[in-house]
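>
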């Protein structure tokens, strides 16, 4: 990945810091909020209009998840924080130089002005720098205030997830989406799946050493702007196992029981929140410390056996996304 | 351990099935109840007079813990279930034959008539057969009713302990207390600590393959009827580690941070509930499958290094029990 | 379950202590030994003729597994230890009274005289009392000798399993096999699966509080004497997950990746050792403390969704056993 | 942290990628190698002169640890990889501009030319870009080659650590060492401990989101160039607990049994390798995703209670480092 001047067509590497939050759309706002609080263990930090903002205990920002009432499930937008104000300026300039139209918003609960644009694939992305850091009302009685401040409370409700981890988006042209993420946004491409016909069906991208932060998977219905899943982090594999028990106890449908990914070596559990969006509870991914690793190219055959222990994925895995446009297609 | 006829001075081996519940006394009933529910994760199943009955999710009986308001902390009584009605009759006959005075009570929340007596060392013990099995109001939506019934709900509050595990009693004459437990009650003695002068300072007793169910430790103040601690079971070491975080977050004082016992190979965390009683969160003990294992005799020196990784215990460990009679002694 | 006099048609409850060892037959002895040592982590403690005896680190007896060269895979015999010499006498008398023919053997590596007979279903069972307890050559340098002696060494090769846990046998008439186990051998029946036509297709039996020690499953090919699997214990779910990685690294085929049973709440991993026998790595089962629990009867429908998180089992699970007689049937 | 031009007195942020390896000195090379292979689980990848190079299974480079025979224990040097060749040039130019003398070496087993200099505090640091990536001889039989390549083998010997994690150096002037690391090398300072007199006694520095990669602690003997400890990563807390058992079994002295740090929220075990150097097995630290977080300043009082569960550290913790110069001081 090449280095670029400040005002060029690409941002400098490191200009984007991390994905800070995601907005999920849900036709059942109340039930979705209850699932993300009582089952996943997030905390409501604010409401505005038809939206509810939530936070995981180890997130330094005020909110990592925004739930918005909508006719259909899906992703509203993706919020990416830049590393400083200059980086935000460089990124917006680079987008303009690349002919990507965007517009400033005045910000939202938890963060300042954001530059919004649609990435290839149709997903809305917002870049922002100014943020509101979470400040706990009172420290834990038995812990130094600083520790409480930084580390978050344990033993919260349900799964007690720590923070937003990554987002997996469905796109009709994965190669194009991944190229844009690399060239216009400065993501690194760590892994990709190339089908026998040479087309790319999966791309694992990251802004740092985490092996995946933004994933593009092929939208086999050819639709745009759809979501495959949003993943939340826990610290241990035991917590993922416990999450499966909790999903069962609370009636949250499990799509794939806890098992091991090969790509990224993350450990996972997939289910569906009441709005219909797929959610993942995940942990354990190996960090990519190599500053310039060669992209790993997986064949489709390798990918089919792609989870570490041979776990088979159900057909819904490759077929279902939100919004669920398959009904529309079937009715044509 | 010898076998005995039905009407002899000893019960048949296996006549006592397991310790079913323990009654803790607390000068701060409300705070104690809150700690056992919000922090430990037990559920209140009934109240009667100045007592509150609680249950862990994997207990098959209605209640494994009774909290009773009292001027001082300590243990009210220990409830031991027999394996059937005949076994209860054999045990009471054997106690009478051994000159142990006792009396029948009409039962309590969750169980039927009980035969109450004081064991050497001054602790009140109750034997009972009839019990009320817990029946969940409704099965978990995603689990077969039988599984829900047997296995209990996960993801409850706080530490989410599963059940009462064992009780550690302070006694002025450990050897005598242990002998009584073996001969009059049918316990097996798996481990003991013998001091350099030949006296016994610790005895680990069990009614089955669990390596410890009733422990006697020397009361160095020479008092009778005192409690060292009550232990609650979780299924994994990760949950013990998580429990330590939760104790810190809720202000429950930690006496000994999570570490490994050598005797029994159990993993532990010690703290104090608001009434002043020491509590343990524990897991992992190796089962003793040998039906007639030789008792392991530990020297005091071996015991001093007795935890598996060299963890040092604070002085309170050997000095403090409930009720805390040291103040009285100091004021003499 | 009724109590019986010493010379009756049934043994007294508790006369059998636990399953002490199992003999597996293998057409590839050398590879099987290598798998059980290098991958599972057992240690060879002796060889005799075409057999190799192995031991897990927390087994108190000399050997829990005997591997014997044979034309076909399968189970050679099951060794069950009695609780004392009198119990062995009672059991053999009861078998004779029930018309079960048996014969004494002079013992084997690690144990004394054994009474051998075929249980309904065609499996060879041996009852024994005299055993050789394992004595380590030298204690661990950093641990008291007694602890070393009792607890076993950690960090052994591969999965580092602790001990034999349970055996699952295929039988053409599960109800009859289970009845015999209860009435002639004193097992408790904790769970059973009853098909829609009233036939029993699975029975979970135990000699103590472990929820399963001997399981009978329906042999759908109607054969006798076959094995479904042998299970080995590890102490934590993390070790089961690690075992899956190790299986992959060593080329041990995984049949079912780590997941959660509902019956017994045990956590599992299934694979095949080089001889063709199915093996399980397991942990976590809840103890059954109730001395006389009602048998849980599962419907076939409940059983089909019987693993705790909805994990689907492959067809091989219900079809394959050792010896693999399906080829013979197919060639008819 | 400010951004700098290419030829200025500071490198650009991100110019240093990560600490790639560390060289430990040992007066008992053979025993040290045996400890790092048999107990820690590293693999020897090369020897040269009096040095042995080792590798953890998830390290992408050929070697993360070099052991060199020496009269005294201690640290030989610290190897830091730059993010590309230009970054290496910028860094060396900045060092020269800051008056830091250095010299090029022609490289070593596993990496190319390195620029060596002494940082304030007296420790030798080498910067390098060219590296040799590890290529496995053959993939695991049951895993796609790419996965095997990236993820490493599981079930290796002993603790089976994954990779070098961080280095803790003793320095006579922590504030000065930390300033240099920030300004001349581009480290971020995430946490520091400030004593009541205003002096800095601890500084936690990182080149990325890991909360600590290089730590400076006060050398209370005023010596220079000494080592507090080197830490190796495992993926789960269970593996740290298992490591403690393995240390005991192998006679590796445990200094502090497994417990929880507050700073960084890492989970740890400390012991001593046969050469006398302190080693840590660690996992679990929270990532710092904030690109520009305020440094947390801990008071000495907060630090004294600084481990998460109140675990007390022994006096050796603050007194001992390698080489152990205390004997010299005592003999004055």
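Protein chains in written order, with our numbering: chain P, 640 to 971; chain W, 640 to 971; chain S, 640 to 971; chain F, 640 to 971.
Here a beta-carbon is modelled for each residue, glycine too, at the ideal position from N, C-alpha and C.
1) Tell me whether residue 807(P) is buried or exposed, calling it buried when 16 or more other Cβ atoms sit within 10 Å of its Cβ.
2) So, is the C-beta of residue 939(P) closer than 8 Å to a C-beta in chain F?
3) Quick one: is residue 953(S) buried, meaning 16 or more other Cβ sit within 10 Å of its Cβ, or exposed?
4) When you compare only the Cα positions, how much space is there between residue 652(F) and residue 892(F)?
5) Consider the Cβ of residue 924(W): report whether some Cβ of chain A lies at a distance smaller than 8 Å.
6) Closest Cβ-Cβ distance between residue 931(P) and chain F: below 8 Å?
7) What residues in the segment 851-881 of chain S bring their beta carbon closer than 7 Å to a beta carbon of chain P?
8) Give me the Cα-Cα distance between residue 939(W) and residue 822(W), rounded to the nearest whole angstrom.
9) Output the distance between the C-alpha atoms of residue 825(F) and residue 696(P), rounded to the nearest integer angstrom.
10) So, helix, strand or coil for residue 907(P), using DSSP?
11) Straight-line CA distance for residue 949(S) to residue 745(F)?
12) For a contact defined as C-beta to C-beta under 7 Å, what are the partners of residue 887(F) on chain W?
13) From residue 890(S) to residue 876(F), what does the alpha carbon distance come to, in whole angstroms?
14) Along the alpha helix (DSSP H) that carries residue 885(S), what are the first and last residues, could you check?
15) Would you mind stating whether residue 903(W) and residue 851(W) have Cβ atoms separated by less than 8 Å?
16) With burial defined as no fewer than 16 other Cβ atoms inside 10 Å of the residue's Cβ, what is the status of residue 947(S): buried or exposed?
17) Identify the contact partners of residue 660(F) in chain P, using a Cβ-Cβ distance below 9 Å as the criterion.
18) Please report how far the alpha carbon of residue 675(P) lies from the alpha carbon of residue 817(P), in whole angstroms.
19) Would residue 804(W) count as contacting chain P if we go by Cβ distances under 8 Å?
20) Only counting the same chain, and skipping five residues up and downstream in sequence, which positions put a Cβ closer than 6 Å to that of residue 768(P)?
21) Using a Cβ-Cβ cut-off of less than 8 Å, list which residues of the segment 888-899 of chain P approach chain S; keep chain order.
22) List the residues of chain S whose Cβ lies closer than 8 Å to the Cβ of residue 883(P), in chain order.
23) Give the residues from the segment 675-704 of chain F that approach chain P closer than 7 Å (Cβ to any Cβ), ordered along the chain.
24) Given residue 973(F), which residues of its chain have a CB within under 8 Å of its CB, disregarding the five upstream and five downstream residues?
25) Which bits of chain S does residue 722(W) rub up against, with CB to CB less than 9 Å?
26) Quick check: is the beta carbon of residue 794(W) nearer than 8 Å to any beta carbon in chain P?
27) Compute the Euclidean distance between the alpha carbons of residue 677(P) and residue 693(P), then round it to the nearest angstrom.
28) For residue 955(P), does the count of other Cβ atoms within 10 angstroms reach 16, so buried, or fall short, so exposed?
29) Could you tell me how far apart the beta carbons of residue 865(W) and residue 894(W) are, in whole angstroms, since I believe they sit closer than 8 Å?
30) Use the C-beta contact count for residue 625(S): other C-beta atoms within 10 angstroms, 16 or more gives buried, fewer gives exposed.
31) What residues in its chain sit with their C-beta under 7 Å from that of residue 815(W), if we drop five residues either side in the sequence?
32) Only counting the same chain, and skipping five residues up and downstream in sequence, which positions put a Cβ closer than 7 Å to that of residue 684(F)?
33) Mind checking whether residue 659(P) and residue 770(P) have CB atoms under 8 Å apart?
34) For residue 706(F) versus residue 679(F), is the C-beta spacing smaller than 8 Å?
35) Going by the beta-carbon positions, is the gap between residue 756(S) and residue 733(S) smaller than 8 Å?
36) Between 742(F), 737(F) and 765(F), which lies nearest to residue 750(F) when the distance is taken from Cα to Cα?
Straight from the coordinates:
1) Walking along the first chain from the start, residue 807(P) turns up at place 168. Flag for residue 807(P) reads buried.
2) For the purposes of this step, residue 939(P) is identified with residue 300 of the first chain, where counting begins at 1. Not an interface residue.
3) Locating residue 953(S) in the third chain gives position 314, counting from the first residue. The residue in question, residue 953(S), is exposed, as its Cβ has fewer than 16 Cβ neighbours within 10 Å.
4) By one-based count along the fourth chain, residue 652(F) stands at place 13. By one-based count along the fourth chain, residue 892(F) stands at place 253. If you take the alpha carbons of residue 652(F) and residue 892(F), they lie about 40 Å apart.
5) The structure shown contains no chain A; its protein chains are P, W, S and F.
6) For the purposes of this step, residue 931(P) is taken as the residue at position 292 of the first chain. Cβ-Cβ to chain F under 8 Å: yes for residue 931(P).
7) 876, 877 and 880
8) Your numbering for residue 939(W) matches position 300 in the second chain. Your numbering for residue 822(W) matches position 183 in the second chain. Their Cα atoms are separated by approximately 25 Å.
9) Here the question's residue 825(F) lines up with position 186 in the fourth chain. Here the question's residue 696(P) lines up with position 57 in the first chain. Roughly 29 Å between the two C-alpha positions.
10) On the first chain, position 268 is the one that residue 907(P) refers to. Strand.
11) Position 310 of the third chain, counted from the first residue, corresponds to residue 949(S). Position 106 of the fourth chain, counted from the first residue, corresponds to residue 745(F). Rounded to whole angstroms, residue 949(S) to residue 745(F) spans 58 Å at the Cα level.
12) Numbered from 1 along the fourth chain, position 248 holds the residue referred to as residue 887(F). The contacting residues are 947 and 948.
13) As a working note, residue 890(S) is residue 251 in the third chain. As a working note, residue 876(F) is residue 237 in the fourth chain. So the two alpha carbons sit approximately 27 Å from each other.
14) Residue 885(S) sits at position 246 when you count from the first residue of the third chain. It spans 876-889 - the alpha helix (DSSP H) in which residue 885(S) sits, taken as one unbroken run.
15) Locating residue 903(W) in the second chain gives position 264, where the first residue counts as 1. Locating residue 851(W) in the second chain gives position 212, where the first residue counts as 1. Yes; because the gap between Cβ atoms is below 8 Å, this pair is in contact.
16) Against the third chain, residue 947(S) aligns to sequence position 308. The residue is buried, with at least 16 neighbouring Cβ atoms inside 10 Å.
17) Mapped onto the fourth chain, residue 660(F) falls at position 21. The contacting residues do not exist; residue 660(F) stays about 12 Å from chain P at best.
18) Taking the first residue of the first chain as position 1, residue 675(P) is located at position 36. Taking the first residue of the first chain as position 1, residue 817(P) is located at position 178. Going by the C-alpha atoms only, they are around 30 Å apart.
19) Sequence index remark: in the second chain, residue 804(W) carries index 165 (1-based). Cβ-Cβ to chain P under 8 Å: no for residue 804(W).
20) Residue mapping note: residue 768(P) aligns to position 129 of the first chain, counting from 1. Closer than 6 Å at Cβ, skipping near neighbours: 721, 724 and 727.
21) 893, 896, 897, 898 and 899
22) On the first chain, position 244 is the one that residue 883(P) refers to. Going along chain S in sequence order, the residues near residue 883(P) (Cβ under 8 Å) are 899, 947 and 948.
23) 697 and 699
24) Nothing about residue 973(F) can be reported from this structure: the residues present for chain F run from 640 to 971 only.
25) As a working note, residue 722(W) is residue 83 in the second chain. What residue 722(W) touches in chain S: 652, 930 and 931.
26) Indexing the second chain from 1 puts residue 794(W) at position 155. Closer than 8 Å to some Cβ of chain P, the Cβ of residue 794(W) qualifies, so yes.
27) Here residue 677(P) refers to the residue found at position 38 of the first chain. Here residue 693(P) refers to the residue found at position 54 of the first chain. Cα to Cα, residue 677(P) sits roughly 12 Å from residue 693(P).
28) Stepping through the first chain from its first residue, residue 955(P) is reached at position 316. So residue 955(P) counts as exposed.
29) Numbered from 1 along the second chain, position 226 holds the residue referred to as residue 865(W). Numbered from 1 along the second chain, position 255 holds the residue referred to as residue 894(W). Not really, about 16 Å apart at Cβ, beyond 8 Å.
30) Outside the modelled stretch of chain S, which goes from 640 to 971, sits residue 625(S), for which no answer is possible.
31) For this step, residue 815(W) is matched to residue 176 along the second chain. These residues qualify, in order along the chain: 759.
32) Taking the fourth chain and counting its residues from 1, the one referred to as residue 684(F) is at position 45. Only 692, 693, 694, 701 and 702 meet the Cβ criterion.
33) The residue labelled residue 659(P) in the question sits at position 20 within the first chain. The residue labelled residue 770(P) in the question sits at position 131 within the first chain. Yes, these two residues count as a Cβ contact at 8 Å.
34) Taking the first residue of the fourth chain as position 1, residue 706(F) is located at position 67. Taking the first residue of the fourth chain as position 1, residue 679(F) is located at position 40. It is not a contact, given that the beta carbons lie outside the stated cut-off.
35) Counted from its first residue, the third chain places residue 756(S) at position 117. Counted from its first residue, the third chain places residue 733(S) at position 94. No. Outside cutoff.
36) Working through the fourth chain from its first residue, we reach residue 750(F) at position 111. Selected option, being the one with the closest Cα: 765(F).
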